[in-house]
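J.: Residue numbers for the sequence shown follow my numbering, so the first one is 160 and each next one is one higher.
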Amino acid sequence: MSDTVPSDPPAAAPAAAGKRAAKTSVKTAAKADAKGSAASPKTALQLALEKLGLRRDIDLALHLPLRYEDETRITRLRDAREGDLIQIEARVMDCEVAYRPRRQLVVKVDDGSDSCTLRFFNFYPSQQKALAVGTRIRARGEVKGGFLGWTMLHPSCKPARGDLPTALTPIYPTVAGLGQYYLRQAVLGGLARAELSDTFAPGDLMELNPHALWTLRQALQFLHHPTPDVSLATLQDHSHPAWQRLKAEELLAQQLSQLQSRRLRATLRAPQLVEVPGGTLHQRLLDALPFPLTAAQQRVGREIAADMARALPMHRLLQGDVGAGKTVVAALAAAVCIDAGWQCALMAPTEILAEQHFRKLIGWLEPLGICTAWLTGTQKTKQRRAMLEMVESGAAQLVVGTHAVIQEKVHFKNLALAIIDEQHRFGVAQRLALRNKLQHDAMEPHMLMMTATPIPRTLAMSYYADLDVSTLDELPPGRTAIVTKVVNETRRAEVVQRIRAQIALGRQIYWVCPLIEESEALDLSNATETHAELAAALQGSAADGQPPVQVGLLHSRLPADEKKAVMAAFVQGQMAVLVSTTVIEVGVDVPNASLMVIEHAERFGLSQLHQLRGRVGRGAAASACVLLYSVGETGRLSESARERLRAMAETSDGFEIARRDLEIRGPGEFLGARQSGDAMLRFANLATDTALLEWARQEAPRMLDHHAHLAEKHVQRWLGTRADYLKA
Ligand code: ADP
Ligand code: MG
160 MSDTVPSDPP AAAPAAAGKR AAKTSVKTAA KADAKGSAAS PKTALQLALE KLGLRRDIDL
220 ALHLPLRYED ETRITRLRDA REGDLIQIEA RVMDCEVAYR PRRQLVVKVD DGSDSCTLRF
280 FNFYPSQQKA LAVGTRIRAR GEVKGGFLGW TMLHPSCKPA RGDLPTALTP IYPTVAGLGQ
340 YYLRQAVLGG LARAELSDTF APGDLMELNP HALWTLRQAL QFLHHPTPDV SLATLQDHSH
400 PAWQRLKAEE LLAQQLSQLQ SRRLRATLRA PQLVEVPGGT LHQRLLDALP FPLTAAQQRV
460 GREIAADMAR ALPMHRLLQG DVGAGKTVVA ALAAAVCIDA GWQCALMAPT EILAEQHFRK
520 LIGWLEPLGI CTAWLTGTQK TKQRRAMLEM VESGAAQLVV GTHAVIQEKV HFKNLALAII
580 DEQHRFGVAQ RLALRNKLQH DAMEPHMLMM TATPIPRTLA MSYYADLDVS TLDELPPGRT
640 AIVTKVVNET RRAEVVQRIR AQIALGRQIY WVCPLIEESE ALDLSNATET HAELAAALQG
700 SAADGQPPVQ VGLLHSRLPA DEKKAVMAAF VQGQMAVLVS TTVIEVGVDV PNASLMVIEH
760 AERFGLSQLH QLRGRVGRGA AASACVLLYS VGETGRLSES ARERLRAMAE TSDGFEIARR
820 DLEIRGPGEF LGARQSGDAM LRFANLATDT ALLEWARQEA PRMLDHHAHL AEKHVQRWLG
880 TRADYLKA
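#1: Evaluate Pro-284 with the Cβ neighbour count: other Cβ atoms within 10 Å of its Cβ, from every protein chain shown; 16 or more gives buried, anything less gives exposed.
#2: For His-847, which residues from the same chain have a beta carbon less than 8 angstroms from its beta carbon, with the 5 sequence-adjacent residues on both sides left out?
#3: Can you give me the C-alpha to C-alpha distance between Lys-406 and Gly-732, rounded to a whole angstrom?
#4: Between the C-alpha atoms of Ala-779 and Pro-224, what's the straight-line distance to the nearest angstrom?
#5: CB-CB under 8 angstroms to Val-256, same chain, minus the five flanking residues each way: which ones, in chain order?
#6: What residues match up with Lys-644 in a beta bridge as DSSP calls it?
#7: Identify which residue in Ala-492, Val-785, Pro-318 has its Cα closest to the Cα of Arg-657.
#8: From this set, Leu-664, Arg-651, His-759, Met-609, which residue's C-alpha is nearest Val-671's C-alpha?
#9: For the alpha helix (DSSP H) that contains Gly-348, what are its first and last residues?
#10: Helix, strand or coil for Thr-689 per DSSP?
#11: Under 8 angstroms by Cβ, that's how I've got Leu-557 and Leu-524 pegged, so tell me the actual separation to the nearest angstrom.
#12: Under a Cβ-count criterion, where at least 16 other Cβ atoms within 10 Å of its own Cβ denotes burial, should Gln-598 be classed as buried or exposed?
#13: Following the continuous alpha helix (DSSP H) through Thr-610, name the residue where it begins and the one where it ends.
#14: Assuming Arg-206 and His-222 make a contact with CB atoms under 8 angstroms, what is their CB distance in whole Å?
#15: If I measure Cβ to Cβ from Ala-353 and keep anything under 6 angstroms in the same chain, skipping five residues before and after, which residues do I get?
#16: Indicate whether Thr-531 and Thr-561 have their beta-carbon atoms separated by less than 9 angstroms.
#17: Given the structure, does Val-487 come close to the ligand ADP, in the sense that its CB is under 8 angstroms from one of the ligand's heavy atoms?
#18: Taking 8 angstroms as the threshold, find out whether the segment 289-300 comes into contact with the segment 225-239 through three or more Cβ pairs.
#19: Measure how close the beta-carbons of Ala-249 and Val-268 come, nearest whole angstrom, since I'm counting them as under 8 angstroms.
#20: At which residues does the beta strand (DSSP E) containing Leu-477 begin and terminate?
#21: Identify the residues that DSSP records as bridge partners of Val-738: which are they?
#22: Using only the alpha-carbon positions, how far apart do Val-730 and Pro-750 sit?
#23: Drop a sphere of 10 angstroms on the beta-carbon of Pro-707, count the other beta-carbons inside from all chains shown, and report buried for 16 or more, exposed for fewer.
#24: For Ala-470 versus Arg-428, is the C-beta spacing smaller than 9 angstroms?
#25: With a threshold of 6 angstroms on Cβ separation, who are the neighbours of His-769 within its own chain once the five nearest residues in sequence on each side are excluded?
#26: Per DSSP, what kind of secondary structure is Ala-577 in: helix, strand or coil?
#27: If you draw a straight line from the C-alpha of Leu-350 to the C-alpha of Leu-869, how long is it?
#28: Span of the beta strand (DSSP E) holding Ala-752?
#29: Comparing the CB of Glu-514 with every heavy atom of the ligand MG, is any distance shorter than 8 angstroms?
#30: Using only the heavy atoms of the ligand ADP, determine whether one of them is closer than 8 angstroms to the beta carbon of Ala-492.
#31: Going by DSSP in three states, Pro-860 sits in which element: helix, strand or coil?
#32: Within the chosen definition, does the segment 496-506 reach the segment 646-662 through at least 3 CB pairs nearer than 8 angstroms?
#33: Can you check whether the CB of Ile-614 is closer than 9 angstroms to the CB of Leu-512?
#34: Do you know offhand how far Glu-798's Cα is from Pro-673's?
#35: Sorry if obvious, but does the Cβ on Ala-780 come closer than 8 angstroms to a heavy atom of the ligand ADP?
#36: What did DSSP end up calling Cys-496 once you bin it into helix, strand or coil?
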């Protein structure tokens, strides 16, 4: 390794001034470090490393290169080809600052076979000094041919001293102000000090991959210093045996931690909610429902009831496509809980959704004598106080609301079942807060989480391995398929025509816009404008003898009671068209709505589009969804936008949509940062490493049962302090 401080290639460097300052500070810090002035608080280097999450030696050792640079070879200029990334060794023939067309350092070098001009637009006096005439240097960069011979722009240069390195030079992910040189030193130090004994034998992986006979130490040492003969492609796509070993390690750590938390949960206790036979609320609710349950609802209901009848806290995810009928399932679970003499809470991510649940549940349960409390952030103090009292005294058997449900001031008398709708909208902390709402004999409430975004199998096996999953794989009868059309914005007039035809048939229409006010940056169409435009265009569209067409507008900045009034008018059918922003995204239920138009569909995420589309096709009428897209200034859609729209047109199966969404976005985006926290896999890829994932899944229980101390060591090594967080 070179003992000089190489200048970083400009691409990796922040703005010159900032870089200079930051670099100096890290340098000083590193010196201070070396002298062991330990009394000082954290050095700049430590702070920068901490920003990268690198606290322990093992963290440093596991900080793997993004890519490599090959400094092991010298290429003669005569043998270079246009655009090659090469390293040359040459003598400086000329070095001067030119001012045209802009200030730059121009250095002429010659390697005996040919000459080359090196150009630097940002440079330090020290660099200029290091490139004095007569010096032999090694310069690495992309060569371009031209009228005046070879040139390199911002090559990285160092004095041509000593032997060439024998390993590829690693380039690490870093943060502003922390140069590769210091980071490399830190990583090497960590690698040398870290305890790297194997927690599982290389042979354990053999069946899976006979080439994977690498120990952890070998794998890490190799990945930090690969020999130049390695195929760079196998390092890049992580298929190299060293990568296989690391991915196996990482997946195993994740599986172990999930399994640990599952077993930990098995030691906790929860109220046993046993169904009371005969004449119960549960039975009366079933009798009162205007429809029979689907087979899937019955099965899922039994799964939930069986969980709640045990003294272990339930931790179940109910997944079912939009419109699959999750609310009834939740209400029936609540009824079992109330029958057993305990309280139930239902939390939804938005006020509109919570309110809809509230109305629906009240409609079902109040006639049966159940008292329901309603909690939201926008409530008047007086009303809120009354609600809180009902919750605390136990007068309210069911509590419905938004995040307000988990606030500190809310004291339940005896909460035994917590239901979270659209659970992916909530974070780990909120789930934990709900779990702590039962202050009774160190018990925890049962948790039922619901989602309309089904989780692809690989994710269910990894991130959600700690959850039991129930699936509503059947829609209530009488649903009609939704025809989805992808239409260019230029054909808007035809779409309006189609709306007229639907109105004449007595149907209702949703028109969804992405933003409420025009944003200069995005030039999105304005819901208010669209509303005015539609209202004007639809004058006189009603069937003969009908009152004029009403076009409503709903957006998040409307006062709460206006929102309510608009929603109510649409639900009751007094309003034909509802123009709205995405506030209607989840949960709204109007069976007579048969057409949904989504404007600027190219800007929506796939699962969001799917959720929106699920608002139609709930009644008997044939339904359609029109995805209006606009190509904007670029004149074409981005690749991923095209894929999203294509997926929407091709399928309406929520599972297939989720699979494609995962494919397009990758698990990090798919799960959302809040869900995954720091727990995202760094090295393994769930879409492609399914075999390794299977292996880890089978290995984890074996290891935990037979080599508990190794399992613990493995989890600590890989997850460290994050391990506890993962157990939430
Ligand atoms: P989601 O799963 O998207 O939350 P909902 O619970 O809102 O779906 O249900 C969608 C609609 O289907 C509601 O109008 C609901 O009353 C109705 N529904 C639910 N179950 C059935 C069923 N078994 N038969 C007929 N309609 C049902
Ligand atoms: Mg719902």
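Glycine is no exception: its CB is placed at the ideal position from the N, C-alpha and C atoms. This structure is a prediction, so every number in the text was calculated from the model and none was measured.
T.: Taking the structure as given:
#1: Counting from 1 along the sequence shown, the entry for residue 284 is found at position 125. So Pro-284 counts as exposed.
#2: The count along the sequence shown starts at 1 and reaches residue 847 at position 688. Per the sequence shown, the amino acid found at residue 847 is Thr instead of His. If we look at Thr-847 and ignore the five residues flanking it on each side, it has no Cβ neighbours.
#3: Taking the first residue of the sequence shown as 1, we reach residue 406 at position 247. Taking the first residue of the sequence shown as 1, we reach residue 732 at position 573. In a straight line, the C-alpha of Lys-406 is about 55 angstroms away from that of Gly-732.
#4: The residue labelled residue 779 in the question sits at position 620 within the sequence shown. The residue labelled residue 224 in the question sits at position 65 within the sequence shown. Between the alpha carbons of Ala-779 and Pro-224 lies a distance of about 57 angstroms.
#5: One-based indexing of the sequence shown puts residue 256 at position 97. Excluding positions up to five away in sequence, the list reads Arg-262, Gln-263, Leu-264, Val-265, Gln-287.
#6: Mapped onto the sequence shown, residue 644 falls at position 485. Lys-644 pairs with Val-785.
#7: As a first step, residue 657 is located in the sequence shown; it is residue number 498 there, counting from the start. Closest option to Arg-657, Cα to Cα, is Val-785.
#8: Numbered from its first residue, the sequence shown carries residue 671 at position 512. When each option's Cα is compared against that of Val-671, the closest is His-759.
#9: Against the sequence shown, residue 348 aligns to sequence position 189. From DSSP, the alpha helix (DSSP H) with Gly-348 extends over 339-352.
#10: Counting from one through the sequence shown, the residue named residue 689 turns up at place 530. Here Thr-689 sits in helix by DSSP.
#11: Locating residue 557 in the sequence shown gives position 398, counting from the first residue. Locating residue 524 in the sequence shown gives position 365, counting from the first residue. At roughly 7 angstroms, the Cβ-Cβ gap stays under 8 angstroms, so Leu-557 and Leu-524 are in contact.
#12: The sequence position of residue 598 within the sequence shown is 439, counting from 1. Counting Cβ neighbours within 10 Å, Gln-598 comes out exposed, since fewer than 16 surround it.
#13: The count along the sequence shown starts at 1 and reaches residue 610 at position 451. Not the alpha helix (DSSP H): Thr-610 falls in the beta strand (DSSP E), residues 605-610.
#14: The sequence position of residue 206 within the sequence shown is 47, counting from 1. The sequence position of residue 222 within the sequence shown is 63, counting from 1. Residue identity differs from the one stated: residue 206 is Leu in this sequence, not Arg. Wrong, their Cβ atoms sit about 16 angstroms apart, outside the cutoff.
#15: As a first step, residue 353 must be located in the sequence shown, where it is residue number 194. Excluding positions up to five away in sequence, the list reads Asp-216, Ile-217, Ala-220.
#16: On the sequence shown, residue 531 is found 372 positions in, with the first residue counted as 1. On the sequence shown, residue 561 is found 402 positions in, with the first residue counted as 1. For Thr-531 and Thr-561, no; Cβs fall outside 9 angstroms.
#17: Looking up residue 487 in the sequence shown gives position 328. Checking every heavy atom of the ligand ADP against the Cβ of Val-487, one is found closer than 8 angstroms.
#18: The answer is yes - the segment 225-239 touches the segment 289-300, with three or more Cβ pairs under 8 angstroms.
#19: As a working mapping, residue 249 is identified with position 90 in the sequence shown. As a working mapping, residue 268 is identified with position 109 in the sequence shown. So it is a contact: roughly 4 angstroms between Cβ atoms.
#20: Counted from its first residue, the sequence shown places residue 477 at position 318. 474-479 is the span of the beta strand (DSSP E), which, as asked, contains Leu-477.
#21: The residue labelled residue 738 in the question sits at position 579 within the sequence shown. BP columns for Val-738 point to Trp-670, Leu-712.
#22: On the sequence shown, residue 730 is found 571 positions in, with the first residue counted as 1. On the sequence shown, residue 750 is found 591 positions in, with the first residue counted as 1. Roughly 9 angstroms separates the two Cα atoms.
#23: As a working note, residue 707 is residue 548 in the sequence shown. With fewer than 16 other beta carbons inside 10 angstroms of its own, Pro-707 counts as exposed.
#24: Position 311 of the sequence shown, counted from the start, is the residue given in the question as residue 470. Position 269 of the sequence shown, counted from the start, is the residue given in the question as residue 428. In this structure, Arg-428 lies closer than 9 angstroms to Ala-470 by Cβ.
#25: Position 610 of the sequence shown, counted from the start, is the residue given in the question as residue 769. Closer than 6 angstroms at Cβ, skipping near neighbours: Ile-816.
#26: If you number the sequence shown from 1, residue 577 lands on position 418. Ala-577: strand per DSSP, three-state reduction.
#27: Within the sequence shown, numbered from 1, the residue matching residue 350 stands at position 191. Within the sequence shown, numbered from 1, the residue matching residue 869 stands at position 710. Their Cα atoms are separated by approximately 20 angstroms.
#28: Here residue 752 refers to the residue found at position 593 when the sequence shown is read from its first residue. Unbroken beta strand (DSSP E) run through Ala-752: 752-757.
#29: The residue labelled residue 514 in the question sits at position 355 within the sequence shown. Glu-514 Cβ: outside cutoff for every heavy atom of the ligand MG.
#30: As a first step, residue 492 must be located in the sequence shown, where it is residue number 333. No, the Cβ of Ala-492 stays beyond 8 angstroms of every heavy atom of the ligand ADP.
#31: Here the question's residue 860 lines up with position 701 in the sequence shown. When DSSP states are grouped into helix, strand and coil, Pro-860 belongs to the helix group.
#32: no
#33: Numbered from its first residue, the sequence shown carries residue 512 at position 353. Numbered from its first residue, the sequence shown carries residue 614 at position 455. Not closer than 9 angstroms, so no.
#34: As a first step, residue 798 is located in the sequence shown; it is residue number 639 there, counting from the start. As a first step, residue 673 is located in the sequence shown; it is residue number 514 there, counting from the start. Answer to the nearest angstrom: the Cα atoms are 20 angstroms apart.
#35: Here the question's residue 780 lines up with position 621 in the sequence shown. No.
#36: Taking the first residue of the sequence shown as position 1, residue 496 is located at position 337. Of the three classes helix, strand and coil, the one that applies to Cys-496 here is helix, per DSSP.
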